[in-house]
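Residue numbers (the UniProt record's numbering): 1 to 492.
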């Protein structure tokens, strides 16, 4: 019928068929549906032949488009008075109204049967999108081709010249595009996460400058007050939305600044600055505390994942933050650590391993340890000159606990500045992993004793264990350097 429906009703003409794609036009509209056997059905208004059956007659029930019957169609799209179909092997067919070159055949003639788009021959198209009078096609090589009306710069062309046939869009060839979409007079394309990039200036969204970070810091502190997990009552939804939006904006600014290699000093985010410390404290608290709303915590964690190199700029600082998060007791069980804190531990461990950071830290630790030992030897020699020979054994005894104390505490002075060497951090991670291992062994024993299914046991490895294993390999390579191997024949 032609009567309006206020509730969903089954399209009885397709009953018994498995539909895999459907598309609706606008205005004097048509509807297209694809079934799992690759057939296309159309119904609705038939002006300009957009139903694909040769005439301009409309129909009120689905009818098969016979011209597409053996082409194995997988997707359909409807524009304004025209239709598109995509085959399984990547060919594109268009038909309907031809004004504004929307069909891509190089003319403005109306086409009443599905017609192969010659301009995309040789390309395997994996997706298509239709606006009112323009179209996009995405190939398996991540190329985006467009055609049709350009009155609103739909093709990034400020000359507003209509494109009669498909042509690749400029500036997207290196972006690894994975998806496309069209609004009535808009074009959208998105890339995979690993290729995400953004400019330093995007109206109303990104403006990488000190004032932006100052305003975001002020706004973030205001809207997240009382949201650190300490309150028994959840905040109003408006406050939650503002907090998430502010964190998302902060993430965008940080990502833009890092991808364009902007010096943090120029943004007021230099090492030790008040602004950096304020932002860092707020974001880390929201990302790690127990009791923080999931939406807010996820947004804060996304900020750290994108911007840790700015918010936690030095390996020393990340090591100290990690040390503070790790359970201090030897019997501490990380199984009881909150998800937020676990995220922070994994993030910091990952950042310490990034870009050869662990090897650099090991080299620095070894250098510092050697310097410390040499300094102690010098001090011992000076004492031996001043003291009697009889006190030498006493000096030797006093030396051992000093070295032992150095290893146990891991704190040493370098140029008057106290620092946290790698040894102490590794010890904490070892204690932490040991407690996890004991807990898991107990769990295994409990499962065995109760004859529980062993397959339910998680074999997932933590980021902390990955760091310890890498540290082990690096340390062994330092103790037994490769250049020594083979110097003496027939020896290891």
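No residue lacks a Cβ here, since even glycine has one placed at the ideal position from N, Cα and C. Here the structure is a predicted model, which means the values were calculated and not measured.
By the CB criterion at 8 Å, residue 198 and residue 189 fall outside the cutoff. By alpha-carbon distance to residue 116, the top candidate from 73, 214, 150, 311 is 73.
Contact between residue 340 and residue 292 holds: CB atoms are separated by about 6 Å, below the 8 Å threshold. A straight-line Cα-Cα distance of about 23 Å links residue 349 and residue 270.
For residue 203, the closest C-alpha among the options 242, 146, 253 is that of 253. From the listed residues 256, 61, 46, the smallest Cα separation to residue 54 is found for 46. Residue pairing for residue 63: DSSP places it in a beta bridge opposite 42. Contact between residue 80 and residue 26 holds: their C-beta atoms lie close to 6 Å from each other, under 8 Å.
Judged by DSSP in its simplified three-state form, residue 179 adopts strand. Of 150, 152, 168, the smallest CA-CA separation from residue 138 is found for 168. Less than 8 Å divides the Cβ of residue 39 from the Cβ of residue 64. For residue 290, the closest alpha carbon among the candidates 231, 124, 446, 314 is that of 231.
The distance from the Cβ of residue 133 to that of residue 148 is about 5 Å, consistent with a contact at the 8 Å cut-off. Contact between residue 235 and residue 227 is confirmed by a C-beta separation of about 6 Å, below the 8 Å threshold. Residue pairing from DSSP places residue 96 in a beta bridge opposite 82, 111. Less than 8 Å divides the Cβ of residue 48 from the Cβ of residue 97. Cβ-Cβ separation between residue 275 and residue 214: approximately 6 Å, consistent with a contact (criterion under 8 Å). In the DSSP assignment, residue 217 falls within the unbroken alpha helix (DSSP H) covering 210-223.
Residue 322 carries a helical assignment under DSSP once its states are collapsed to helix, strand and coil. By the beta-carbon neighbour count (other beta carbons within 10 angstroms, threshold 16), residue 94 is buried. Contact between residue 303 and residue 250 holds, with the beta-carbon distance rounding to 5 Å and staying under 8 Å. For residue 138, there is no enclosing alpha helix (DSSP H); the enclosing beta strand (DSSP E) covers residues 134-139. Taking the Cα of residue 102 as reference, the smallest distance to any Cα among 135, 70, 129 is reached at 135. At a Cβ-Cβ threshold of 8 Å, residue 177 and residue 187 do not count as neighbours. Around the CB of residue 233, fewer than 16 other CB atoms lie within 10 Å, so the residue is classed as exposed. In terms of Cβ geometry, residue 268 and residue 210 form a close pair [threshold 8 Å]. DSSP places residue 476 inside the alpha helix (DSSP H), whose first and last residues are 463-479. Scanning 75, 82, 104 for the CA closest to the CA of residue 90 turns up 75.
Only exposed fits residue 260, as fewer than 16 other CB atoms lie within 10 angstroms of its CB.
Boundaries of the beta strand (DSSP E) around residue 190: 187-191. In this structure, residue 282 lies away from residue 342, with their beta-carbon atoms at least 8 Å apart. Nearest in C-alpha terms to residue 108, of all of 20, 182, 164, 309, is 164. By DSSP's assignment, residue 127 forms a beta bridge with 138. Residues of the same chain with a CB within less than 6 Å of the CB of residue 50, apart from the 5 flanking positions on each side, are 30, 81, 82, 83, 96 in chain order. For residue 88 and residue 481, the gap between their C-alpha atoms comes out near 56 Å.
Using a Cβ distance threshold of 8 Å, residue 78 and residue 130 count as a contacting pair.
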